[in-house]
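Below: one structure, written as structure tokens.
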Amino acid sequence: MQAYYFTEEHELFRQSLRRFLEKEVLPFIDQWEEQQEVPKSLWKKFGDQGFLGLHYPEKYGGAGLDFFYTVVFCEEISKVFSGGFGVIQSVTQYMSSTYIYKYGSEALKQKYLLPVIKGEMISAIGISEPGAGSDVANIQTRAIRKGDFYIINGQKTFISNGYLGDYIVLVTKTQPEAGIEGISLIVVDLNSPGITKNKLKKLGWHASDTAEIFFENVQVPAENLIGEEGKGFFYLMDGLQLERLIGAIGSIAGTEALIEYTLRYMAERHAFGRPLNKFQVLRHRMAQLHAETEVLKEYVYYCCRLQNEGRYAVKECSIAKLLTTELANKAAYECLQMFGGYGYIEDYKVARVYRDVRILTIGGGTSEIMREIIAKMLIDDKHYLPPTQQAQTQDSDSLVQELITLLKERARGVNLDSSLKFDFGAHKLLIDGTAGTPTISEEDKEAACTILISPSDMKALLSGELNPMNAFLSGKIKVQGDMSVAMKLQKLFS
Ligand SMILES: Cc1cc2nc3c(=O)[nH]c(=O)nc-3n(C[C@H](O)[C@H](O)[C@H](O)COP(=O)(O)OP(=O)(O)OC[C@H]3O[C@@H](n4cnc5c(N)ncnc54)[C@H](O)[C@@H]3O)c2cc1C
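Heads up, the sequence shown is in the numbering used here, so the first residue is 12 and it goes up one at a time.
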């Protein structure tokens, strides 16, 4: 299918990248898979050719190009039948250094982003720990500020590029008692004293290294903090959308390449006097895979367009990641079957693909977590805000605190006989009247009725500027659960 999103320039770029990969990468892939390492000197060649930092500004050595050049880059590196090779630059450029570019100081950009774009450094992102993968908020690694330094203690695991990488964007708690608002991102050189690393043996992605990393009193300059202290979780939630989209682009391109590879084999291999591609049952299976790939590819391109426009597409990126990685696994299983016994032998690339795709539904947020995000948006009417708006939300924290104090005052006299929660986004207020005199807390517990409202609308309601019924009819107030409980609140607004 002729893609609607690519210009002639994009296609010329694709051709030149392909020629480069045919010369500098394809002949060596088997060797790198065997050695479980890609020589770092290769990335310098990528950098010299201008293949790195396509979406970063020229000021930092990038090319300042639209996102569809990045799409071409990710598609082509995903078609070489080595997930391990592809992930090294995916993690470096789109999953770790991207935080330095978006939120880091100029000094951090000069020190850590420029070398990445030149191909002189590779980087890692350190979220997962032995006790916290999906549950990011539960990380235990600590960075305690002492004068001009942070002292870091803790452990990360499953870190791509963690062994051979030059630095890690470390997700750590700077204020352990502050929950997600105590999480910060800090750049840590991976050869710092106090760091020890082990390479993990893994099922697939053999050309890349995945490490567990221990931090023991690692001293890092305070200026290595990315952005502001306590904002790390929100930066991460923003960055994860790109990470998931990159995963989706790679998954669909890899699936497409695998289908082509399998069809070539099916045309050559004969059984019962005819090529495999003449057996209807096999043809239909391939046609089905092709159909699913085509449809999902267009959806992924749509998500890329949203990315290109700077939109914060949480649901779309989650859907794309979920469906493309699940399809990649299904396709690997079914394509391997077409090869019969040869599919199980390393001489055929399908065996490696089969191993490599298994991580795709796990890394960067599992399929279950993707479904959870989609379900929250679909069923609970949850809205995810981009970090800039999160910052505004935090700026309005003082307003929320003011409202909570006022509501606590007014709610004392209300006879509720039930429980009701105000949901102001990051903050909640629970009025629990189930045991007589209402108790008022900021706990985020289930209530018989939940009122979703923005702090500014709540302020307008309390001051009488906004009429409760009008607010309800215009959607400024949303009520979930028992409406009769909400009706008892008239007193609050009088
Ligand atoms: C090869 C490889 C490379 C990786 N690279 C990196 C990296 O570079 N940086 C990094 O930080 N991490 C990396 N990871 C870690 C990866 O992101 C995590 O493995 C992943 O997020 C899942 O976390 P977990 O392994 O702790 O599983 P858990 O969170 O323990 O989940 C176990 C199972 O429970 C399910 N589950 C958990 N919570 C829920 C829920 N609320 N509802 C339903 N089901 C749930 C999960 O879907 C999963 O099936 C990598 C992992 C691998 C294997």
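Where is the CB? At the ideal position from N, CA and C, for every residue including glycine.
Check: Can Ile385 be considered in contact with ligand 1, in the sense that its beta carbon sits closer than 7 Å to one or more heavy atoms?; Outcome: no
Check: For Leu418 and Ile99, I'd like the C-alpha separation in whole angstroms.; Outcome: 52 Å
Check: Does DSSP put Leu463 in a helix, a strand or coil?; Outcome: strand
Check: Pull up the DSSP beta-bridge partners for Gln42, would you.; Outcome: Answer by DSSP bridge pairing: none, since Gln42 is not bridged.
Check: When the Cβ atoms of the stretch 385-393 are set against those of the stretch 299-312, are three or more pairs found closer than 8 Å?; Outcome: no
Check: According to DSSP, is His66 helix, strand or coil?; Outcome: coil
Check: Give me the Cα-Cα distance between Phe17 and Leu23, rounded to the nearest whole angstrom.; Outcome: 10 Å
Check: Taking one C-beta from the stretch 220-228 and one from the stretch 360-368 each time, how about it: are there three or more such pairs within less than 8 Å?; Outcome: no
Check: To the nearest angstrom, report how far apart Lys208 and Asp468 are at their CA atoms.; Outcome: 51 Å
Check: Which word fits Met494, buried or exposed, when buried means at least 16 other C-beta atoms lie within 10 angstroms of its C-beta?; Outcome: exposed
Check: Less than 7 Å between C-beta atoms, sequence neighbours within five positions excluded: which residues of the same chain meet that for Asp455?; Outcome: Lys439
Check: Cα-Cα, which of Gln348, Leu293, Gly250 is closest to Cys328?; Outcome: Gly250
Check: Given 7 Å as the limit, tell me if Trp43 has its C-beta closer than that to any heavy atom belonging to ligand 1.; Outcome: no
Check: Mind the definition here: the stretch 127-136 touches the stretch 176-189 only if three or more C-beta pairs lie below 8 Å; say whether that holds.; Outcome: yes
Check: In three-state terms, what does DSSP make of Thr207?; Outcome: strand
Check: Please indicate yes or no: does the CB of Ser145 lie closer than 7 Å to some heavy atom of ligand 1?; Outcome: yes
Check: Which whole-angstrom value describes the C-beta separation of Ser89 and Gly261, a residue pair presumed to lie in contact below a C-beta threshold of 8 Å?; Outcome: 4 Å
Check: Counting along the chain, where does the alpha helix (DSSP H) carrying Ser329 start and finish?; Outcome: 325-349
Check: Contact check, Leu124 vs Ser101 under 8 Å by CB: the rounded distance?; Outcome: Actually they are not in contact, since the Cβ atoms of Leu124 and Ser101 sit about 16 Å apart, beyond 8 Å.
Check: Answer yes or no: do Leu28 and Val83 have a C-beta to C-beta separation smaller than 8 Å?; Outcome: yes
Check: Would you kindly report the start and end of the unbroken beta strand (DSSP E) that includes Glu227?; Outcome: 221-232
Check: Compare the Cα-Cα distances from Ser452 to each of Ala471, Ala437, Lys432 and report the closest residue.; Outcome: Lys432
Check: What residue range is occupied by the uninterrupted beta strand (DSSP E) comprising Arg156?; Outcome: 153-157
Check: Would you kindly check if the distance between the Cβ of Leu307 and the Cβ of Leu334 is under 8 Å?; Outcome: yes
Check: Kindly identify the DSSP beta-bridge partner or partners of Glu140.; Outcome: Ala143
Check: Return the chain-ordered list of same chain residues with a C-beta closer than 6 Å to the C-beta of Val411, the five sequence neighbours on each side being excluded.; Outcome: Phe435, His438, Pro466
Check: Go ahead and pull the three-state DSSP assignment for Ile197.; Outcome: strand
Check: Considering only residues of the same chain and omitting the five flanking positions on each side of Gln47, which have a CB-CB separation below 6 Å?; Outcome: His217
Check: Are Tyr110 and Ile197 close, meaning C-beta to C-beta below 8 Å?; Outcome: no
Check: What is the DSSP secondary structure of Asp59, counted as helix, strand or coil?; Outcome: helix
Check: Is the beta carbon of Gly165 closer than 8 Å to that of Arg153?; Outcome: yes
Check: Which residue's Cα is closest to the Cα of Phe57: Glu20, Tyr174, Glu33, Val199?; Outcome: Glu33
Check: Below 8 Å, can you find three or more Cβ-Cβ pairs linking the stretch 334-344 to the stretch 255-269?; Outcome: yes
Check: In the DSSP assignment, find the beta strand (DSSP E) that holds Lys184 and state where it starts and stops.; Outcome: 178-184
Check: Anyone know if the C-beta pair for Ala339 and Val368 falls short of 8 Å?; Outcome: yes
Check: When you compare only the Cα positions, how much space is there between Leu287 and Ala331?; Outcome: 32 Å
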